[in-house]
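Data first, discussion second: the structure below is written as structure tokens.
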Amino acid sequence: MKLIDGRDGVPGRDGVKGERGDKGEKGEKGETGPVGQAGPRSGGVVYTRWGRKSCPTGAELLYEGITGGSHYTHIGGGANYVCLPKDPQYMSSTVPFGYSRIYGTEYEIVQNIFSGKHDHNAPCAVCYTSTKSVKLMIPARTSCPSSWTIEYKGYLMTEYYGVLTKNNKVYECVDEYPESIDGSGASTNGALFYFTATVCNGLPCPPYVDKRAITCV
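Mapping of the sequence shown onto numbering that gives the first Met the number 0: position 184 corresponds to residue 183, and the numbering continues sequentially without gaps.
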């Protein structure tokens, strides 16, 4: 009998799908990729360190300045102290007809606590920290709440309360180890930094102590 090869047949239909196999073993960890570009700077916090020329460790110095304010005998003027840069920039050389005046700020009658600083002018430093999101100055304390970090501590200072003082200033926290503007020391009496003392009239004593210099942090 003679055999003749047949042609290829039509492919059959797909068979029934088999069961899912077991999960394979975890592969090895891949190589670390290249470091990406630095992202935008986060908000952070900016604050002024009164009485110092530098910032605490971990904070960036934006600029070193000179503490300025209104003359203590002037009725008008600003109510706040400002940190004036050491390299001012101007937009006009014309003297205005009417103007307010700003002066340097002296440590006044502070020698019993700030030795050798009486009549010296106060510097300031404007600082930035990227790792903080909120700032708070607490009077009458030298430590922060447990979940907070101290940037610096010192004494609560402002203008004198007496009859010669014609304007009010805000309270500022001046560093416990103050520095001076180089070459200062003459009694020019512009704006002034005085210690702030407790008066037991409406404040509970104890825990407050009469005529004790108020701290701050």
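We put the beta carbon where it would ideally sit given N, CA and C, even for glycine.
Open item on the list: My output table needs one value for residue 170: the three-state DSSP class, helix, strand or coil.
Closed with: As a position in the sequence shown, residue 170 is number 171, starting the count at 1. DSSP places residue 170 in coil when its eight states are reduced to three.
Task: First and last residue of the uninterrupted beta strand (DSSP E) at residue 48 - done: Against the sequence shown, residue 48 aligns to sequence position 49. Looking at the DSSP string, the run of the beta strand (DSSP E) that includes residue 48 is 44 to 49.
TODO: If I'm right that residue 42 touches residue 145 with Cβ under 8 Å, what's the distance once you round it to whole angstroms?
DONE: Locating residue 42 in the sequence shown gives position 43, where the first residue counts as 1. Locating residue 145 in the sequence shown gives position 146, where the first residue counts as 1. About 23 Å; that fails the 8 Å criterion.
Open item on the list: I'd like to confirm the pairing. Which residues does DSSP put opposite residue 123 in its beta bridges?
Closed with: Reading the sequence shown from its first residue, position 124 is the one you call residue 123. BP columns for residue 123 point to 49, 64.
TODO: Specify whether the region 59 to 75 and the region 154 to 174 touch according to this definition: at least 3 beta carbon pairs, one from each stretch, less than 8 Å apart.
DONE: yes
Task: Distance between residue 20 and residue 45 (C-alpha atoms, nearest Å) - done: Within the sequence shown, numbered from 1, the residue matching residue 45 stands at position 46. Within the sequence shown, numbered from 1, the residue matching residue 20 stands at position 21. One C-alpha to the other measures close to 60 Å.
Task: From 71, 89, 107, 109, residue whose alpha carbon lies closest to that of residue 100 - done: By one-based count along the sequence shown, residue 100 stands at place 101. Per the Cα distances, 71.
Task: Check whether residue 98 and residue 68 have beta carbons under 8 Å apart - done: Translated into positions along the sequence shown, residue 98 becomes position 99. Translated into positions along the sequence shown, residue 68 becomes position 69. No, the Cβ-Cβ distance between residue 98 and residue 68 is not below 8 Å.
TODO: Taking residue 137 as the reference, give the member of 96, 153, 125 with the closest Cα.
DONE: Mapped onto the sequence shown, residue 137 falls at position 138. Cα-wise, what sits closest to residue 137 is 153.
Task: Three-state secondary structure (DSSP) of residue 196 - done: Taking the sequence shown and counting its residues from 1, one reaches residue 196 at position 197. Strand.
Open item on the list: Which of the three DSSP states is assigned to residue 106 in this structure?
Closed with: As a position in the sequence shown, residue 106 is number 107, starting the count at 1. Correct three-state label for residue 106: strand.
Task: Close beta carbons around residue 186, own chain, < 8 Å, minus the five adjacent residues each side - done: Here residue 186 refers to the residue found at position 187 of the sequence shown. Closer than 8 Å at the Cβ level, and outside the excluded window around residue 186, lie 105, 118.
TODO: Tell me residue 156's beta-bridge partners as DSSP assigns them.
DONE: Along the sequence shown, one-based indexing puts residue 156 at 157. 171, 194, per the DSSP bridge assignment.
- [ ] Buried or exposed for residue 199, please, with buried defined as at least 16 other CB atoms from any protein chain shown within 10 angstroms of its CB.
- [x] Indexing the sequence shown from 1 puts residue 199 at position 200. The residue in question, residue 199, is exposed, as its Cβ has fewer than 16 Cβ neighbours within 10 Å.
Task: the region 122 to 130 touching the region 51 to 65, judged by at least three CB pairs closer than 8 Å - done: yes
Task: Contacts around residue 112, its chain only, beta-carbon distance under 8 Å, and the 5 residues preceding and following it disregarded - done: Here residue 112 refers to the residue found at position 113 when the sequence shown is read from its first residue. Once the five neighbours on either side are set aside, the close Cβ partners of residue 112 are 154, 194, 212.
Task: Sequence-distant residues of its chain with Cβ nearer than 7 Å to residue 178 (five each side left out) - done: Looking up residue 178 in the sequence shown gives position 179. For residue 178, where only same-chain residues beyond five positions count, the Cβ hits under 7 Å are 50, 51, 52, 122.
Task: Simplified DSSP state of residue 93, which is helix, strand or coil - done: The residue you call residue 93 lines up with position 94 of the sequence shown. In this structure, residue 93 counts as coil in the three-state DSSP scheme.
TODO: Give the DSSP-derived three-state secondary structure of residue 59 in the structure shown.
DONE: Locating residue 59 in the sequence shown gives position 60, counting from the first residue. In the structure shown, residue 59 sits in a strand (DSSP, three-state: E or B).
- [ ] Reducing DSSP to helix, strand and coil, say where residue 212 ends up.
- [x] Counting from one through the sequence shown, the residue named residue 212 turns up at place 213. If DSSP states are grouped into helix, strand and coil, residue 212 belongs with the strands.
Task: Assigned secondary structure, residue 83 (DSSP; H/G/I helix, E/B strand, else coil) - done: Indexing the sequence shown from 1 puts residue 83 at position 84. Reduced to three states, the DSSP call for residue 83 is strand.
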